[in-house]
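If you read the protein sequences in the order shown, they are chains A and B. Each residue of the first sequence is one higher than the one before, starting from -9 at the first, in our numbering. Each residue of the second sequence is one higher than the one before, starting from 3 at the first, in our numbering. For reference, the structure is listed below as structure tokens.
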Amino acid sequence: MASEQSAYIAGVGQTEFKRHGGIMDRSQFQVAAEAILAALADAGMTPDEVDGFASFSNDANEAALMQVALGVPQMRWSSMVWGGGGGGSCAAIAQAAAAVQAGHAQTVVVYRGLCQGQTRRFGRFGDGRTHGNFVHPYGLFAPAQMLALLVRRHMHLNPQVREEHLGMVAVNARVNANRNPQAVMYGKPMTIDDYFNSRYIAEPLRLFDCCLETDGGCAIVVTTAARARDARKTPVRILASGHGSGPGWGSGPLGSQNMPEADYNTTNSRRIARELFAAAGVTPADIDVAQIYDHFSGMVLMALEEYGFCDVGGSGDFVAQGNIAWKTGKLPINTSGGQLSEAYVHGMNVAIEGVRQLRGESTSQVDDARLCLVTGGLGVSPTSAMIIGRD
Amino acid sequence: MAYFSDAMPAPHPNYDDRDFWSGCAEKRLQFQACTECGTARHPPTPVCPRCRSFKVMWRQAAGSAEVYTHTTIHHASHESVKPNLPYVVSVVTFPDVPGVRLVTNITDVDPKQVHIGMPVQLWWDAIGEGMYIPRFKPTSN
């Protein structure tokens, strides 16, 4: 697709990131609004230009109310992607891009505000979960426990992927977070020994294999090529984006467990990966840096395989060889510290880090980064991803 | 005495899954299957994803199963499970009802001994108010 027809990211914004329950002085809605205004300021835009809103994960910060709060004169388009958690992060950006490309809107803000002390902790039992009847009576309550089932089977089928490799993903994130003053885990280094000394949550996942639980807000401004080029910052092009699921996933590891045999120990990304690279006209070897949704370290390993950065079963060797490390590796990942160590705002913070890399603004900047893969929540339906780049 | 405490969340049957739970209340582990094409499915859902028929029947599993995957849980994400830590959650498959997977617990075992492919057998856990939950333990030789 010609760049003129592409949608672009013109601005990114965020609030402070705090441990869950750490933002109690103002509402979750206010936090979301602050992130949106920060993203618009970053772009050199005002709410007068916004005419679309997108979110995901049953976001309680309703677009109709956000329009009023921000004094947006005309809303032409709004959308929210199905599914809980972060599966829909890149999906919401993809929908915004589609709306811009179709002319349904000119400038869409994609946002997520999350104050778990005011609502609920995503890492705990949640009443009303889809297919809750088939997991709760057995003590399968939280995503860490649910996705551990996939990681366990993947490591069983691919025994060359071992717990030390999970640890390498976790340590990599922490090392990157310690260069990022905005990260919740900034100033809290962690070694592989610390990793192995951390307690199991749900085997094979230890405490440090699990993402943080964070309060904070993030927003991204998606607009036309022409408007993005007039914006304050380097425009970042959305080369390809999408969301979806393979057959039979349903609530998948979070409940129904009925994905096809060949898909069980995957991140549900095979089709998306193939179509994304084809649509962008690039290959995994062309990607300079990746932000891979790290709710759990094991899912990152599986995604490295599924997105074609290594063979199935090869992710352990891939990380052991230093490929994911900034800045010597061939594919530095989760350069802000990711959700394991920067913040967990359902994938929006790692999408923002992707934009920073392409603008040269990361605290773990990859030299001349031109192409970045960003994924949404993995191993769920829908999952999502995008390839973004600098022209 | 039930495997978990009384505070453990119990199933709340709904339109789509109530026949599964009424089977459990009578200690019958039965899975939904399509009357037209015979394909079994779980969790219950009103339409056959293979032939799109709405006609359903129920197929009873004899109770022998195999561990498909498992995790040993060390962290209480709900107060009720604290006394049970660590406990094993597993996904099991059934040789006599191919195509379905069931989330359950493996009990009466050292968690370190649980492995993929392990044969397990059904037992019924009385959780009160006339409801039974299907759990599994290692198949005795």
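The beta carbon of each residue, even a glycine, is placed where N, CA and C say it ideally should be. All figures in this text were calculated on a predicted structure; none of them were measured in a lab.
Assuming the contact rule is C-beta atoms closer than 8 Å, residue 61 of chain B and residue 22 of chain B should be a hit. Round their C-beta distance to whole Å, please. Under the criterion of beta carbons closer than 8 Å, residue 61 of chain B and residue 22 of chain B do not qualify as touching, at roughly 11 Å.
Name the one or two DSSP bridge partners that residue 393 of chain A has. Given a span of -9 to 381 for chain A in the structure shown, any question on residue 393 of chain A remains unanswerable.
Validate contact between the region 201 to 219 of chain A and the region 106 to 118 of chain A using beta carbons, cut 8 Å, 3 pairs: Cβ pair count under 8 Å is three or more, so yes.
Do we get a CB-CB distance below 8 Å when we pair residue 12 of chain B with the residues of chain A? Interface with chain A (8 Å Cβ-Cβ cutoff): residue 12 of chain B is included.
In whole angstroms, what separates the C-alpha of residue 249 of chain A from that of residue 94 of chain A? Residue 249 of chain A and residue 94 of chain A: Cα-Cα distance of roughly 35 Å.
What residues from the region 187 to 209 of chain A come within 7 Å of chain B, judged by C-beta to C-beta, listed N to C? Within the region 187 to 209 of chain A, the residues whose Cβ lies closer than 7 Å to some Cβ of chain B are 189, 190, 191, 192 and 193, listed in chain order.
Taking Cβ positions only, does residue 139 of chain A come closer than 8 Å to chain B? So yes, residue 139 of chain A belongs to the interface.
Ranges of the beta strand (DSSP E) found wholly within the region 263 to 341 of chain A, counting only runs of at least 3: Here the runs fully enclosed are 279 to 281.
On the DSSP letters alone, give me the boundaries of the beta strand (DSSP E) that residue 134 of chain B sits inside. Judged by DSSP secondary structure, residue 134 of chain B falls within the beta strand (DSSP E) whose first and last residues are 133 to 140.
Run of the alpha helix (DSSP H) containing residue 155 of chain A, from where it starts to where it stops: DSSP places residue 155 of chain A inside the alpha helix (DSSP H), whose first and last residues are 153 to 167.
Beta carbon of residue 210 of chain A, beta carbon of residue -1 of chain A: below 8 Å? Yes; because the gap between Cβ atoms is below 8 Å, this pair is in contact.
Who pairs with residue 66 of chain B in a beta bridge, going by DSSP? Residue 66 of chain B is bridged to B:123.
Which word fits residue 158 of chain A, buried or exposed, when buried means at least 16 other C-beta atoms lie within 10 angstroms of its C-beta? Label assigned to residue 158 of chain A: buried.
Nearest to residue 283 of chain A (by Cα), restricted to the options A:201, A:251 and A:231: Looking at the Cα atoms, A:201 is the closest of the given residues.
Could you check whether the Cβ of residue 308 of chain A sits closer than 8 Å to any Cβ belonging to chain B? No, residue 308 of chain A does not count as interfacial toward chain B.
Could you check whether residue 72 of chain A and residue 372 of chain A sit closer than 8 Å to each other, using their CB atoms as the reference points? Remark: C-beta atoms of residue 372 of chain A and residue 72 of chain A approach each other more closely than 8 Å.
Rounded to whole angstroms, how far is the Cβ of residue 443 of chain A from the Cβ of residue 34 of chain A, which I believe are closer than 8 Å? This structure does not reach residue 443 of chain A, given that chain A is present from -9 up to 381, and the question cannot be answered.
Enumerated in chain order, which unbroken segments of the alpha helix (DSSP H) with a length of 4 residues or greater are wholly contained in the region 199 to 239 of chain A? Whole alpha helix (DSSP H) segments, 4+ residues: 215 to 219.
Say whether the region 325 to 335 of chain A touches the region 235 to 249 of chain A, bearing in mind that this needs 3 or more beta-carbon pairs closer than 8 Å, one atom from each stretch. Output reads no: the region 235 to 249 of chain A does not touch the region 325 to 335 of chain A.
Where the beta strand (DSSP E) containing residue 107 of chain B begins and where it ends: From DSSP, the beta strand (DSSP E) with residue 107 of chain B extends over 103 to 108.
What's the gap between the Cα of residue 65 of chain B and the Cα of residue 132 of chain A? Whole-angstrom Cα-Cα distance: 27 Å.
Residue 385 of chain A - DSSP class collapsed to helix/strand/coil: This structure cannot settle anything about residue 385 of chain A, because the visible part of chain A is limited to -9 through 381.
Backbone secondary structure at residue 136 of chain A - three-state DSSP: Three-state result, residue 136 of chain A: helix.
With distances taken between CB atoms, is the gap from residue 141 of chain B to residue 121 of chain B smaller than 8 Å? Yes.
Helix, strand or coil, according to DSSP, for residue 3 of chain A in the structure here? Reduced to three states, the DSSP call for residue 3 of chain A is strand.
For residue 130 of chain A, decide whether its Cβ has a neighbour in chain B, counting only Cβ atoms nearer than 8 Å. Residue 130 of chain A counts as touching chain B.
Would DSSP call residue 80 of chain A helix, strand or coil? Of the three classes helix, strand and coil, the one that applies to residue 80 of chain A here is helix, per DSSP.
Please name the residue or residues paired with residue 256 of chain A in a DSSP beta bridge. None; residue 256 of chain A has no bridge partner.
Residue range of the unbroken beta strand (DSSP E) whose run includes residue 36 of chain B: Per DSSP, residue 36 of chain B belongs to the beta strand (DSSP E) from 32 to 36.
Tell me, which residues are paired with residue 362 of chain A by DSSP? Partner(s): A:279 and A:378.
Is the shortest distance between the beta-carbon of residue 121 of chain A and the beta-carbons of chain B less than 8 Å? Taking 8 Å as the threshold, the shortest C-beta distance from residue 121 of chain A to chain B falls below it.
Can you find a C-beta in chain A that's less than 8 Å from the C-beta of residue 45 of chain B? It does: the Cβ of residue 45 of chain B has a partner Cβ on chain A nearer than 8 Å.
Using the Cβ count rule (16 or more neighbours within 10 Å means buried), how would you classify residue 285 of chain A? Buried: at least 16 other Cβ atoms inside 10 Å.
What would DSSP say about residue 58 of chain B, mapped onto helix, strand or coil? Of the three classes helix, strand and coil, the one that applies to residue 58 of chain B here is strand, per DSSP.
With DSSP collapsed to three states, give me the class of residue 8 of chain A. The answer is strand: DSSP assigns residue 8 of chain A an E or B state.
Answer with buried or exposed for residue 19 of chain B, where buried requires no fewer than 16 other C-beta atoms within 10 angstroms of its C-beta. It is buried - the Cβ of residue 19 of chain B has at least 16 other Cβ atoms within 10 Å.
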